Amino acid sequence: MPNCREITRLCSDALERELTLRERVTLRTHLTICVACRNFRTHLAFLRQAMHRYAEGQGDAVPDKAEDPEKR
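Position 54, counted from 1, in the sequence shown is what the numbering used here calls 36; the numbers after and before it change by one each time, with no gaps.
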């Protein structure tokens, strides 16, 4: 079973590339049991959305809520 450090790395990698089937299963399994990693993933999505808005020139626009990474 991977530790939280490895899982947070997978969360980050998932934003840059498509994860392998094994990585996706590992990530989902860990996220079902680890609240801290679920929170990290939510915060990561929020920060990513905020940075995209900032880059689009909406610097003062703060996202209302992080989009659910599962819905992407």
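For every residue, glycine included, the Cβ atom is placed at its ideal position computed from N, Cα and C.
Keep in mind that this is a model prediction, so the values were computed, not measured.
Does DSSP put CYS(-7) in a helix, a strand or coil?
helix
Start and end of the alpha helix (DSSP H) containing MET(-17)?
Where MET(-17) is concerned, there is no enclosing alpha helix (DSSP H), given that its DSSP letter is neither H nor E.
Same chain, Cβ closer than 8 Å to LEU13, five either side skipped, listed in chain order:
ILE(-11), CYS19, ARG20, ARG23
Under a Cβ-count criterion, where at least 16 other Cβ atoms within 10 Å of its own Cβ denotes burial, should ARG54 be classed as buried or exposed?
With a pLDDT of 48 at ARG54, under the threshold of 50, the modelled position of this residue cannot be trusted, and the question is left open.
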